[in-house]
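**Student:**
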Amino acid sequence: STDTFKDLYMRPRPMADSALPEAFRAGRTVIYRLVDEHSDVPPMLKQGQQVIGDYSMMVAPMMREGRGLGVLWIYATPPRPFSAEEQELFTTFADQAVIAIENARLFRETQEALEQQTASADVLRVISSSVEDTRPVFKKIIDSCEHLFGADQIGIYVVGDDGLIHIGAHRGPQLESTAALFPAPFAGSATELVLKQRAPFHVHD
3 STDTFKDLYM
13 RPRPMADSAL
23 PEAFRAGRTV
33 IYRLVDEHSD
43 VPPMLKQGQQ
53 VIGDYSMMVA
63 PMMREGRGLG
73 VLWIYATPPR
83 PFSAEEQELF
93 TTFADQAVIA
103 IENARLFRET
113 QEALEQQTAS
123 ADVLRVISSS
133 VEDTRPVFKK
143 IIDSCEHLFG
153 ADQIGIYVVG
163 DDGLIHIGAH
173 RGPQLESTAA
183 LFPAPFAGSA
193 TELVLKQRAP
203 FHVHD
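Terminal number for the sequence shown in my numbering: 207, no gaps in between.
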């Protein structure tokens, strides 16, 4: 049935069960002809035969710099051979799909770079107009971080003349509980570690 076919091919499946590994290894279009009991075809193709009956299938790898991005595939039932011209045209379509994926990736990267440049320029504009007050600058930095990184909690901590860590700016649902911890000792803090390393400190978990 159509629902069974969708369940087989449209839901996430282990790549090893599919035709992708062989297509990636071959680096070219692969033809399958399922007309009887085969032991040398991927499990998902065997299951497809149980659903739709005998069929032939053409799978073209979508490759970029030797890395497989996906496949373009078609099947025909009842099974039939695919001509050399069909295979060549099909491969061209797969190559065009790779171009589309790459163009989309480059577009996203360009948009992200423009957003980052715009955010940096916005902060610099606020700095130039707020030479006596850090609060507008801190707020703009928090705004930019929230927009670019989508974080739940964002903060700026500064070391005061008293040697303690103070909150320069903070945004997030835990503002009150966080504020209750400050001023905080500098020694042994993450702030101390970051300043000593002069590099970002990434807590993975």
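Here a beta-carbon is modelled for each residue, glycine too, at the ideal position from N, C-alpha and C.
Please read all numbers here as calculations on a predicted model, not as lab measurements.
(1) Look at the alpha carbon of Pro81 and the alpha carbon of Leu47, and state the distance between them as a whole number of angstroms.
(2) Less than 8 Å between the CB atoms is what I'm expecting for Phe188 and Ile158, so what's the real figure, rounded?
(3) What do you get for Leu126, buried or exposed, if any count of 16 or more other CB atoms within 10 angstroms of its CB means buried?
(4) Assign Ala25 to one of three DSSP states: helix, strand, or coil.
(5) Go ahead and label Ile143 buried or exposed: buried means 16 or more other beta carbons lie within 10 angstroms of its beta carbon, across all protein chains shown.
(6) Under 6 Å Cβ to Cβ from Val160, same chain only, skipping five residues before and after it: list those, please.
(7) Which whole-angstrom value is the C-beta distance of Val53 and Trp75, which I expect to be below 8 Å?
(8) Does the distance from the C-beta atom of Arg66 to that of Val100 stay below 8 Å?
(9) To the nearest whole angstrom, what separates the beta carbons of Tyr57 and Val43, a pair I think is in contact under 8 Å?
(10) Since Pro63 contacts Phe26 with CB under 8 Å, what's their CB separation in whole angstroms?
(11) With distance defined between alpha-carbon atoms, name the residue in Pro185, Thr180, Phe109 and Gln51 nearest to Thr79.
(12) In terms of alpha-carbon separation, which member of Val32, Arg69 and Asp124 lies closest to Pro138?
**Tutor:** Quick look at the numbers:
(1) Taking the straight line from one Cα to the other gives about 13 Å.
(2) Incorrect: roughly 15 Å between the Cβ atoms, too far for contact.
(3) Under this definition Leu126 is an exposed residue.
(4) helix
(5) Ile143 sits buried, since 16 or more C-beta atoms from the chains shown fall within 10 Å of its C-beta.
(6) His168 and Gly170
(7) Val53 to Trp75, Cβ: 15 Å. No contact.
(8) yes
(9) About 11 Å; that fails the 8 Å criterion.
(10) 5 Å
(11) Gln51
(12) When the alpha-carbon of Pro138 is set against those of Val32, Arg69 and Asp124, the nearest one is in Asp124.
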